[in-house]
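Residue numbers (full-length UniProt numbering): 1 to 153.
Using N, Cα and C, we set each Cβ at its ideal position, and we do this for glycine too.
(1) Assign residue 46 to one of two classes, buried (16 or more other C-beta atoms within 10 Å of its C-beta) or exposed (fewer than that).
(2) With distances taken between CB atoms, is the gap from residue 196 to residue 23 smaller than 8 Å?
(3) Tell me which residues share the same chain as residue 79 and place their Cβ nearer than 8 Å to its Cβ, disregarding the 5 neighbours each side in the sequence.
(4) Between the Cα of residue 34 and the Cα atoms of 26, 25, 20, which residue gives the shortest distance?
(5) Quick one: measure Cβ to Cβ for residue 59 and residue 27, integer angstroms, because I've assumed they're closer than 8 Å.
(6) Alpha carbon to alpha carbon, what distance is there between residue 43 and residue 62?
(7) Which stretch, first to last residue, makes up the beta strand (DSSP E) that contains residue 35?
(8) How big is the Cα-Cα spacing for residue 32 and residue 40?
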């Protein structure tokens, strides 16, 4: 027993002898569709009209998860959490969001007020003891705190 395959135009349901699987490409993506000669001609005309636009257009990639850069991987604080920073900022009248990124300026102000929060940068003072280094950081932070403590207009 023989089987007859009838190709049907995917656009208008036409089932003539000229219906065939037609492959085409748009912006690097390959497609296939069953079309008769008339609809295939219409497709070719549409692609010809689209070509100048595709030549000038830029491909937009789907948004993905962002990755932190190497600069963002260093710790902002030592011994404190972002919640601590937010609570301190709120108590001191500094505007900070409830969630999301805390600005570098807020971190700087927090570190100025809490010298022990300054993250280790891995650099030791030349010939100086750890205590001398910590004292120097405390003096530097105090100076920073005095500068930061001025009201912002």
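Reading off the structure:
(1) exposed
(2) In this structure the chain extends from 1 to 153, so residue 196 is not present and cannot be described.
(3) 116, 117
(4) 20
(5) 7 Å
(6) 27 Å
(7) 29 to 35
(8) 11 Å
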